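Numbering (the numbering used here), first residue to last: 344 to 567.
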């Protein structure tokens with residue numbers, strides 16, 4: 344199981360299609376270009392997307408085999424019945440946990456397992472979500488509200504049976520999870536690579552033009 348993958352990651356890769364580029368992806372998730380580029384950098388670090396760089400044009404985005412495996416697994420698990428963990432998640436949302444991070448904290452379950460159950464609740468119309476500026480907001484629907492516990496003791500969380508927590512899930516092999524510092528460094532490298540490959544040629548042409556103008560000015564002064 345890849346504990347680094349969360350529900351926001353799943354939503355982001357589900358918005359990638361054959362027409363997706365780095366330039367138009369922000370419009371697909373109601374987010375600015377630069378915020379969308381940062382999110383794409385995160386997905387690349389997690390091994391979920393890859394960029395096909397194009398100098399001076401569009402830069403297509405493709406899902407990796409790992410991302411396809413994750414989406415297929417989400418669809419497969421969404422057909423399972425409602426469990427105690429699903430009910431606990433619905434209760435957490437009803438109590439004010441409006442994003443995946445808050446929900447993970449309340450139920451104390453790994454990110455990927457929570458993502459599996461949130462995806463199921465979404466496909467069964469028990470929750471809905473919105474994305475704005477790279478932030479995810481989750482709400483109950485009327486159908487989801489009818490599934491929450493109405494006789495909960497104050498300050499007492501509903502018990503989650505261990506059998507409801509997902510077992511280990513096999514994803515394509517990868518290296519051990521990076522440290523926080525490694526993660527930040529890879530993010531900086533990913534963003535820098537993007538801007539260098541995207542605008543490096545333009546900058547080089549600009550420098551050459553400045554050189555030619557300077558050379559012409561020197562020659563003109565010489566002949567004058």
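From the three backbone atoms N, C-alpha and C, an ideal C-beta is built for every residue, glycine too.
This one's a predicted model, so the numbers in the text were calculated from it and none came from an experiment.
Looking only at its own chain, which residues have a Cβ that is under 6 Å from the Cβ of residue i, when we skip the five neighbours before and after it?
{"i": "residue 374", "result": "476 and 477"}
{"i": "residue 410", "result": "356 and 391"}
{"i": "residue 376", "result": "369"}
{"i": "residue 491", "result": "433, 434 and 437"}
{"i": "residue 447", "result": "454 and 457"}
{"i": "residue 482", "result": "471"}
To the nearest angstrom, report how far apart residue i and residue j are at their CA atoms.
{"i": "residue 455", "j": "residue 556", "result": "57 Å"}
{"i": "residue 407", "j": "residue 390", "result": "7 Å"}
{"i": "residue 436", "j": "residue 484", "result": "11 Å"}
{"i": "residue 367", "j": "residue 384", "result": "15 Å"}
{"i": "residue 353", "j": "residue 545", "result": "35 Å"}
{"i": "residue 362", "j": "residue 400", "result": "14 Å"}
{"i": "residue 416", "j": "residue 429", "result": "17 Å"}
{"i": "residue 486", "j": "residue 468", "result": "7 Å"}
{"i": "residue 418", "j": "residue 445", "result": "23 Å"}
{"i": "residue 347", "j": "residue 553", "result": "47 Å"}
{"i": "residue 423", "j": "residue 466", "result": "11 Å"}
{"i": "residue 426", "j": "residue 547", "result": "58 Å"}
{"i": "residue 402", "j": "residue 470", "result": "33 Å"}
{"i": "residue 379", "j": "residue 453", "result": "25 Å"}
{"i": "residue 434", "j": "residue 473", "result": "19 Å"}
{"i": "residue 488", "j": "residue 441", "result": "14 Å"}
{"i": "residue 382", "j": "residue 479", "result": "12 Å"}
{"i": "residue 360", "j": "residue 549", "result": "34 Å"}
May I ask you to report which of helix, strand or coil DSSP gives residue i?
{"i": "residue 467", "result": "coil"}
{"i": "residue 501", "result": "For residue 501, the predicted model reports a pLDDT of 46, less than 50, meaning its position is unreliable; a value from the coordinates is still stated below. Coil at residue 501, not helix or strand."}
{"i": "residue 441", "result": "coil"}
{"i": "residue 364", "result": "strand"}
{"i": "residue 421", "result": "coil"}
{"i": "residue 370", "result": "helix"}
{"i": "residue 357", "result": "helix"}
{"i": "residue 558", "result": "helix"}
{"i": "residue 348", "result": "coil"}
{"i": "residue 384", "result": "helix"}
{"i": "residue 453", "result": "coil"}
{"i": "residue 448", "result": "helix"}
{"i": "residue 491", "result": "coil"}
{"i": "residue 389", "result": "coil"}
{"i": "residue 412", "result": "helix"}
For residue i, list the residues DSSP reports as bridge partners.
{"i": "residue 394", "result": "404"}
{"i": "residue 599", "result": "The chain is shown only over 344 to 567; residue 599 falls outside these bounds and no answer can be derived."}
{"i": "residue 483", "result": "470"}
Report the CB separation of residue i from residue j in whole angstroms; it is logged as a contact under 8 Å.
{"i": "residue 392", "j": "residue 371", "result": "About 13 Å; that fails the 8 Å criterion."}
{"i": "residue 350", "j": "residue 462", "result": "7 Å"}
{"i": "residue 432", "j": "residue 450", "result": "6 Å"}
{"i": "residue 420", "j": "residue 464", "result": "Rounded, the Cβ-Cβ distance is 11 Å, inconsistent with contact."}
Cutting at 8 Å between CB atoms, please list the residues of its own chain near residue i, excluding the five before and the five after it.
{"i": "residue 551", "result": "none"}
{"i": "residue 560", "result": "none"}
{"i": "residue 438", "result": "449"}
{"i": "residue 558", "result": "none"}
{"i": "residue 443", "result": "349, 350, 351, 454, 457, 458, 461, 479 and 481"}
By Cβ distance, which residues of its chain are closer than 7 Å to residue i, with the 5 residues on each side in sequence left out?
{"i": "residue 386", "result": "352, 355, 356 and 392"}
{"i": "residue 358", "result": "371 and 372"}
{"i": "residue 364", "result": "401, 402, 403 and 404"}
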